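Trainee: My structure is below; once you've seen it, I'll send some questions.
Protein chains: 2
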Amino acid sequence: MDQTIVEDIIKKVMAQVGSTGTPESSVAGDAIPVELSGRHVHLCEEDIKELFGAPLTHVKELSQPGQYLCKERVRLIGPSGVIDNVAVLGPARPKSQVELSLTDARILGIKAPVRQSGDVAGTPGIVLTSGSGLAGLEEGVIVAARHIHMSPADAARFGVSDNQKVDVHMDGSRPAVFKDVIVRVNKDFRLAMHIDFDEANSCGLGKNARGKIVGVTQEA
Amino acid sequence: MDQTIVEDIIKKVMAQVGSTGTPESSVAGDAIPVELSGRHVHLCEEDIKELFGAPLTHVKELSQPGQYLCKERVRLIGPSGVIDNVAVLGPARPKSQVELSLTDARILGIKAPVRQSGDVAGTPGIVLTSGSGLAGLEEGVIVAARHIHMSPADAARFGVSDNQKVDVHMDGSRPAVFKDVIVRVNKDFRLAMHIDFDEANSCGLGKNARGKIVGVTQEA
């Protein structure tokens, strides 16, 4: 995950609205800040113990309140490949989950489905190692469905609702409209669209990229 | 380049129209077969000599008449990475050209611009090796702009013209509309949309993927 980009976006947003950290409607106009999610894992307490034998170490806050990057890293091991130095995000979750791009999934040889975070029933498994420990997941490997985090105030402003799927115009060097972008509304969310690197590359997105809702793909 | 997919598409198209190899309007309805272009190089005579010391060896025809995959392979060497076993396409061209995805460009550490094939003025260079020879390109590294090859009959049928940019709906597991897709009309072209793996992954395209023109981004 390119934290520089994420932090840069947050700084600019905060400067723009003069926020002190409590998001309401956090970006003016109809532009939605786009954040690129690199491959990462969320771990349950049991897998944290297996892999590291100690609690996760907080390094820095992420854009969504309460989520943080950890010092710990893992190796992903699949049938046809290995990916090293993969970010671990905290806090611990009830179930471990590995979020990949389709490019990553191809390298590992894992047929990962596009799913919403947390919806891991029936997904493929994977092996994780840490240098000192190993954890085998029976399921939990997904390609995270693209989505927009927003507060109720932002949802009202855009005229959208939780779990609605919308069309978003991405203004990169080769523009595209992504369909089926899931709206996720929560009072603790800051306005941010999350996509993976395949999606960013497909439309040639640069830094400080923006999206714009241009239609509704499917009602909630 | 996944030749299996390409061949599969060609077979199905040919079966559908009962063609004997002379394309006119080669697919019924408004569906456009999508072919995934993997990373590959086109070489000028001088670079072929430097790298292999002999003419290219024909292995198999590609979907566009006259274009073929060669037995020869090259290594791409950039400032921050190396990619091995890269396909060489024949015949020789006036200028060498390396076509990458943005994911590949990131691995190599090369800032490749999105360009039409052949439009390489001012693009970054690269080093190619073959095991027995080496060629240094001063320019020629591009990310190929997505495009649709079609015959004049297909262009008339779709109501589009050469060099027009169109919007194409891609019906993958996470659908999208690609803007700025360049229409290329030539009597020798078979109907096929060419995209790279970043683009295919961004919309979760499977085998036998199809696109549909849904609008005009920009007139020719």
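Chains as they are written, first to last, in our numbering: chain A, 741 to 960; chain B, 741 to 960. Using N, Cα and C, we set each Cβ at its ideal position, and we do this for glycine too. As the structure is a computational prediction, the values presented were derived from the model and not from experiment.
Distance, Cα to Cα, D938 of chain A vs E939 of chain B?
Mentor: Cα-Cα distance, rounded: 7 Å.
Trainee: Provide the residue span of the alpha helix (DSSP H) that contains S777 of chain B, from first to last.
Mentor: Element bounds for S777 of chain B: not the alpha helix (DSSP H) but the beta strand (DSSP E), 772–777.
Trainee: Following the continuous beta strand (DSSP E) through N903 of chain B, name the residue where it begins and the one where it ends.
Mentor: Careful: N903 of chain B lies outside any beta strand (DSSP E) and carries neither H nor E.
Trainee: Is F929 of chain A close to chain D? Criterion is C-beta to C-beta, closer than 8 Å.
Mentor: Absent from the structure: chain D. Protein chains present are A and B.
Trainee: Would P853 of chain A pass as a contact of I882 of chain A if the rule is Cβ separation under 8 Å?
Mentor: Yes, Cβ-Cβ distance for P853 of chain A and I882 of chain A is below 8 Å.
Trainee: Closest by CA to Q958 of chain B, which one among B:S913, B:P892, B:C943, B:K919?
Mentor: Here the closest residue by C-alpha is B:K919.
Trainee: Can a CB atom of chain A be found closer than 8 Å to the CB of S841 of chain B?
Mentor: True, the Cβ-Cβ gap to chain A drops below 8 Å.
Trainee: With 9 Å as the C-beta to C-beta threshold (strictly closer), list the residues of the region 854–881 of chain B near chain A in chain order.
Mentor: Per Cβ criterion, the list reads V854.
Trainee: In whole angstroms, give me the CA-to-CA distance for P892 of chain A and G769 of chain B.
Mentor: Using only the alpha carbons, I get a separation of about 44 Å.
Trainee: Could you have a look at K919 of chain B and say whether DSSP puts it in helix, strand or coil?
Mentor: In the structure shown, K919 of chain B sits in a strand (DSSP, three-state: E or B).
Trainee: Between the region 869–876 of chain A and the region 841–861 of chain A, do at least 3 Cβ pairs fall closer than 8 Å?
Mentor: Short answer: they don't touch.
Trainee: Is there a C-beta anywhere in chain B that falls below 8 Å from the one on D770 of chain A?
Mentor: Output row for D770 of chain A: interface = no.
Trainee: Is it the case that the Cβ atoms of H780 of chain B and A827 of chain B are separated by a distance below 8 Å?
Mentor: In this structure, A827 of chain B lies closer than 8 Å to H780 of chain B by Cβ.
Trainee: Checking contacts by CB at 8 Å: is S765 of chain B closer than that to chain A?
Mentor: Note that S765 of chain B scores a pLDDT of 46, beneath 50, so its modelled location is shaky; the value from the coordinates is reported in the next line. Not an interface residue.
Trainee: Taking Cβ to Cβ, would you say K835 of chain A is nearer than 8 Å to V860 of chain A?
Mentor: Cβ atoms of K835 of chain A and V860 of chain A: closer than 8 Å.
Trainee: Assuming S803 of chain B and R930 of chain B are in contact, meaning their beta carbons sit under 8 Å apart, how far apart are those beta carbons, in whole angstroms?
Mentor: S803 of chain B to R930 of chain B, Cβ: 6 Å. Contact.
Trainee: Suppose the cutoff is 8 Å on Cβ atoms and the five residues either side in sequence are ignored; what does the same chain contact list for G793 of chain A look like?
Mentor: Cβ neighbours of G793 of chain A beyond the five flanking positions: S872, G873.
Trainee: With a Cβ-Cβ cutoff of 8 Å, do N941 of chain A and L842 of chain B count as a contact?
Mentor: Going by C-beta atoms, N941 of chain A is nearer than 8 Å to L842 of chain B.
Trainee: Would H887 of chain A be called buried (16 or more neighbouring beta carbons within 10 Å of its own) or exposed?
Mentor: H887 of chain A comes out buried.
Trainee: Which one of A:Q807, A:C810, A:L783 has the shortest CA to CA distance from V838 of chain A?
Mentor: Among A:Q807, A:C810, A:L783, the Cα nearest to that of V838 of chain A is on A:L783.
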